[in-house]
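Accompanying notes for the structure given below.
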Amino acid sequence: MPDYVIAPPAIPALPVQGSSQLFPVRRIFCVGRNYAEHAIEMGSDPTREPPFYFTKPADAVVVNGADMPYPPLSRELHHEMELVVAIGEGGADIAVADALRHVWGYAAGLDMTRRDLQNEAKKTGRPWDMGKGFDCSAPIGALRPAQGFDPSRGRIELRVNGALRQASDLAKMIWSVPEIIANLSRLVRLAPGDLIMTGTPEGVAAVQRGDLLEGFVEGVGEVRCRIV
């Protein structure tokens with residue numbers, strides 16, 4: 001066994017529906033502005049520009065309905081409800097036609113965003129890391145194995161304290177799941193354990209301490225967390 005100078009960190013992992021097994025998380029890639037209505041509400045052009053990506057650390061995941069602490073140095077924490085794709089077979093330069101066979105499963109997830117920090121970074125041309133990749137910024141529900149699920153359509157929604165905040169359909173993605181996988185695999189070699197958060201529909205808004213977030217993706221499952 002390797003003799004580490006400090007104890008190695010625990011492996012972040014997602015639960016799997018109907019199983020005691022866990023899915024180890026390697027990296028988290030996020031697609032920006034992948035629904036036209038959300039692009040418009042964020043002040044961008046919703047045309048089919050090439051997709052772009054940002055990342056979150058693997059240990060940003062929050063699982064099993066655990067609480068999410070309100071992050072420091074922010075007064076504008078926003079929810080972004082998303083379909084999460086879990087890669088089970090890696091590869092580079094993956095063809096669109098072959099992309100879905102690289103998927104192990106799907107989950108409902110939240111790309112939580114310190115919007116005030118992100119907006120300041122945009123103004124100054126700086127990276128988004130502290131607006132997007134902070135601690136506990138990726139609450140994700142249990143993974144559903146990919147077999148039998150069609151990621152090209154299905155209801156996606158988020159309720160905050162029971163009130164509907166986001167509601168759309170996966171069919172409204174600008175870039176489909178196979179196209180995202182193919183495009184991203186040209187930039188990096190995808191590996192088993194990678195997650196891809198595929199973008200959020202319109203309706204993003206601020207949350208406060210005490211708010212209960214309950215998200216749903218039709219045919220996939222739920223994500224739930226309370227902001228504390």
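Under UniProt numbering, the first residue of the sequence shown carries the number 1, and numbering increases by one thereafter. For glycine and all other residues, C-beta sits at the position ideal for the given N, C-alpha and C. Just so you know, these numbers come straight off a predicted model, no measurement behind them.
So, residue i versus residue j, is the Cβ gap smaller than 7 Å?
i, j, result
"Gly109", "Val223", "yes"
"Pro12", "Asp59", "yes"
"Met170", "Ile28", "The question names Met, but residue 170 is Leu in the sequence shown. For Leu170 and Ile28, no; Cβs fall outside 7 Å."
"Pro8", "Val63", "no"
"Phe134", "Gly219", "no"
"Tyr70", "Arg159", "no"
"Leu100", "Pro50", "no"
"Ala142", "Gly221", "yes"
"Gly91", "Ser185", "yes"
"Arg114", "Gly88", "no"
"Asp111", "Glu76", "no"
"Met68", "Pro2", "no"
Among the options, which residue has its Cα nearest to the Cα of residue i?
i, options, result
"Arg144", "Leu83, Val188 and Pro192", "Leu83"
"Leu187", "Gly131, Phe52 and Pro139", "Phe52"
"Gln166", "Asp135, Ser137 and Gly203", "Gly203"
"Gln147", "Tyr106, Glu120 and Ala163", "Tyr106"
"Arg153", "Lys123, Trp175 and Ser20", "Trp175"
"Arg226", "Met197, Ser185 and Gly162", "Gly162"
"Met81", "Cys30, Leu22, Asn183 and Gly193", "Cys30"
"Pro57", "Pro72, Asp67, Glu37 and Pro24", "Pro24"
"residue 243", "Ala182, Val61, Gly125 and Asp98", "In the structure as shown, the chain begins at 1 and stops at 228. Residue 243 is therefore absent and cannot be evaluated."
"Arg189", "Ile94, Leu73 and Phe54", "Ile94"
So residue i and residue j are supposed to be a Cβ contact under 8 Å. How far apart are they, rounded?
i, j, result
"Pro201", "Lys172", "7 Å"
"Ile156", "Ser168", "5 Å"
"Tyr35", "Gly199", "6 Å"
"Ala191", "His79", "No, Ala191 and His79 are not in contact; Cβ-Cβ is about 28 Å, not under 8 Å."
"Ala121", "Val103", "Their Cβ separation, rounded to whole angstroms, is 31 Å, which puts Ala121 and Val103 out of contact at 8 Å."
Since residue i sits in a beta bridge, which residues does DSSP pair it with?
i, result
"Pro24", "Ala13"
"Glu214", "Arg159 and Arg224"
"Ala86", "Gly105 and Leu195"
"Tyr35", "Met173"
"Ser168", "Ile156"
"Met81", "Leu110"
"Leu190", "Gly91"
"Ala205", "Answer is none; Ala205 lacks a bridge partner."
### Query
In chain order, which beta strand (DSSP E) runs of at least 3 residues are fully inside the stretch 49 to 75?
53 to 56
### Whole beta strand (DSSP E) elements within the stretch 88 to 162, 3-residue minimum
103 to 110 and 155 to 160
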